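Asks: Residue numbers (my numbering), protein chains in the order written: chain A, 29 to 179; chain B, 1083 to 1520.
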Amino acid sequence: MLDRIRDLYQEVVFDHNRNPRNFRVMPGASRKIEGFNPLCGDRITLYVRINDGLIEDVSFQGSGCAISTASASLMTEIVKGKTEQEAERLFELFHRITTGKNSEAVNLEDLGKLAVLAGVRAYPARVKCATLAWHSLQAALKNEAETVSTE
Amino acid sequence: MNNDAFAQQQAHGYPEALPDFAPPPVHRGLVKPGLDPAKIRADFPILDQSIHGKPLVYLDNAASTHKPKAVIDCLRKVYEEDYSNVHRGVHTLSQRCTELFEAAREKVQRFLNAKHSHEIIFVRGTTEAINLVAQSYGRSKIGAGDEILITAMEHHSNIVPWQMLCEQTGAVLKVAPIDLRGELRMDEFERALSDRTKLVSVVHMSNALGTINPVEDIIALAHARGVPVLLDGAQAAPHMAVDVQALDCDFYALSGHKLYGPSGIGVLYGKEKLLNAMPPYQGGGDMIRRVTFEKTEYNALPYKFEAGTPNIADAIALGAALDYLDSVSLAAVADHEARLLEYATERALSIPGLSLVGTAAHKGAILAFTLDRIHPHDIGTILDHLGIAVRAGHHCAMPVMDFFGVPATARASFGLYNTFEEVDALIDGIRQVIKVFG
């Protein structure tokens, strides 16, 4: 019965939760944004360095559950070196697989490792854990200075 | 104590708490009979189900409790046989329903041992009760520079209404601190009382920590300075007998849904003298005696504070919930839950990496904890897969989380229908969580 839980907590999730990538403060970031999930108190601070539409570097700090930490970590890995438009497109795909809305047409291969978080769609209460980092990134790309909330 | 409970407690290592023979004749009139979990559980239909293929272990009673058949049947009967709008009706159903509604008020009066039934105001829940006091008592009696004193362990519903009042009036919200066990620092509380304090509003039992506050001492200190006291009884009322006259509290707030009754119904108790001196909270039907376009004369208590058609059926069913609690005896419930908490605490502390949040000497049946390197939300999701319902989060007490330096806790909260086997399931479940996380 705990086998089913492995759909959500895959080894990649545990790995990124234990050793989050790009988990650091970024001096000289061009964008810095606070993300907050008021339901569970998860907070992240996301740092982005953008140069001419290209995401040169992205990092984060904060505390959250395994799902939100792994999602943030995976996100920083995948969007680094992408253009803003490519990141937006990834967010849209990611949102679709995690909420299960219009997810049939999504080719999971396009999402790479992010696909491991598709299991979250079976846990409506946890979807916001997975999308917190992405909502924060979207706000950072739009240069919204205020705190981002998942609510 | 019946044999099942005796055997169960023996099996769980409580023989020392029991006499060699049970119960000794000399105490026969004083010792409350133990709860029979099998019989109690049969009264709660929802408990008999599987979650993810495992028997439901419901340990989220501090958030809301389940309803006994008596409450569900009462609701059905009201709507099938007795329902109509209350007050002023001359037809039979309206009179019958009015009698049931007012009888429920009298049941609440007896439950709290209030002096008068008109001191019982039906509201939506504890939140509305506190907002009523803040907006009616607060806006008429509290002004700029006055102080309202609360504690650092309050639920948001006993913080935010006062902050709103402070914004409206220029009053100041003072917060008495707690210590690392989650106990109110009474010396600091006393120091925080000043000539400007106009109201003390304190939780009777903390939903996040389980702490039961020394409300008698709090009330004595406040009354010595002529300051009225509101007690937030949302958590306390389901777990211990409350006597508002013996406590001499000025207001007492509670929620029906935490008392094995329906959601959407709650109670504000207020002393007659205070309630009479307060302006209405909302205007509308039922709360008036005479209306003209020039002037309106307000109705007497309790109707002055019950504008509009009340939550009739749920109020009547709350009465049924109180009857149910009376039939099992709150003393027996308190005794059962104290044993569950003692057992759960002892077993939880044997788990490496587990830290309890809230270790007050005087505690209700709430076990809030964290695990090293595992977020409470992950604990909650994995326990759910084992059929175990706990709450993970800030429990509407963010300042408490900040004080303990945690983003959230996992919280198991017990009710009258929980068993020692369910504590075992929780402990095994926590061990599985740790295993899954490696």
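Think of the CB as a built atom: it goes at the ideal place given N, C-alpha and C, for glycine as much as any other residue.
A quick note: this is a predicted structure, and the numbers were derived from the prediction, not measured.
Where in the stretch 1448-1475 of chain B do unbroken runs of the beta strand (DSSP E), each at least 3 residues long, occur, reported from the N-terminal end onward?
Replies: 1448-1453, 1473-1475
Asks: Going along the stretch 1450-1469 of chain B in order, which residues come within less than 7 Å of chain A, judged by CB to CB distance?
Replies: His1457, His1459, Asp1460, Thr1463, Ile1464, His1467
Asks: Apply the 10 Å Cβ neighbour rule to threonine 1147 of chain B and answer buried if 16 or more other Cβ atoms are within range, or exposed otherwise.
Replies: buried
Asks: Could you tell me the boundaries of the alpha helix (DSSP H) in which leucine 1157 of chain B lies?
Replies: Element bounds for leucine 1157 of chain B: 1151-1159.
Asks: Does any residue of chain B bring its CB to less than 8 Å from the CB of arginine 124 of chain A?
Replies: When Cβ-Cβ separations below 8 Å define contact, arginine 124 of chain A makes no contact with chain B.
Asks: Here's the rule I'm using: 16 or more other beta-carbon atoms within 10 Å means buried, otherwise exposed. How should glycine 1401 of chain B be labelled?
Replies: buried
Asks: Could you tell me the distance, in whole angstroms, from the CA atom of glycine 1343 of chain B to the CA atom of glutamate 1379 of chain B?
Replies: 34 Å
Asks: Which first and last residues belong to the alpha helix (DSSP H) in which lysine 1280 of chain B is found?
Replies: No alpha helix (DSSP H) contains lysine 1280 of chain B, which is instead part of the beta strand (DSSP E) from 1279-1285.
Asks: Report the rounded CA-to-CA distance for asparagine 1381 of chain B versus leucine 1356 of chain B, giving the unit in angstroms.
Replies: Rounded to the nearest whole angstrom, the C-alpha separation of asparagine 1381 of chain B and leucine 1356 of chain B is 15 Å.
Asks: Counting only runs of 3+ residues fully inside the stretch 1151-1235 of chain B, write out the beta strand (DSSP E) ranges in chain order.
Replies: 1202-1205, 1229-1233
Asks: Are there 16 or more other CB atoms within 10 angstroms of the CB of proline 1107 of chain B, so buried, or fewer, so exposed?
Replies: Any answer about proline 1107 of chain B is weak, because its pLDDT of 37 lies below 50 and its placement is not dependable; what the coordinates show is given next. So proline 1107 of chain B counts as exposed.
Asks: I need the boundaries of the alpha helix (DSSP H) containing aspartate 1405 of chain B, first residue and last residue.
Replies: 1394-1410
Asks: Tell me the DSSP secondary structure of tyrosine 1380 of chain B in three-state form.
Replies: strand
Asks: Pick helix, strand or coil for arginine 49 of chain A, following the three-state DSSP scheme.
Replies: coil
Asks: Excluding five sequence neighbours on each side, which residues of the same chain lie with their C-beta closer than 7 Å to the C-beta of alanine 142 of chain A?
Replies: According to the sequence as given, residue 142 of chain A is leucine; it is not alanine. These residues qualify, in order along the chain: Leu102, Ile106, Phe122.
Asks: Would you list, in chain order, the members of the stretch 1373-1399 of chain B that have their beta-carbon closer than 9 Å to a beta-carbon of chain A?
Replies: Those would be none; no residue qualifies.
Asks: What first and last residue would you give for the beta strand (DSSP E) that runs through isoleucine 78 of chain A?
Replies: 70-79
Asks: Report yes or no: is there a C-beta of chain B within less than 8 Å of the C-beta of isoleucine 33 of chain A?
Replies: yes
Asks: The stretch 1477-1491 of chain B: which residues have C-beta closer than 8 Å to a C-beta of chain A, in chain order?
Replies: Met1480, Met1483, Pro1489, Ala1490
Asks: Return the first residue and the last residue of the beta strand (DSSP E) that aspartate 1072 of chain B is part of.
Replies: What is shown of chain B runs 1083 to 1520, which leaves residue 1072 of chain B out entirely.
Asks: What is the residue span of the alpha helix (DSSP H) that valine 107 of chain A lies within?
Replies: 94-107
Asks: Less than 8 Å between the C-beta atoms of valine 1439 of chain B and alanine 1450 of chain B, yes or no?
Replies: yes
Asks: Interface residues of chain C around glutamine 1514 of chain B at Cβ under 7 Å?
Replies: Among the protein chains in the structure shown, which are A and B, there is no chain C.
Asks: Would you please verify whether the beta carbon of proline 1475 of chain B is less than 8 Å from any beta carbon of chain A?
Replies: Before going on, a small fix: residue 1475 of chain B reads as glycine here, not proline. Closer than 8 Å to some Cβ of chain A, the Cβ of glycine 1475 of chain B qualifies, so yes.
Asks: Give the interface partners of glycine 1520 of chain B over in chain A, defined as CB-CB distance under 9 Å, in chain order.
Replies: Phe42, Arg46
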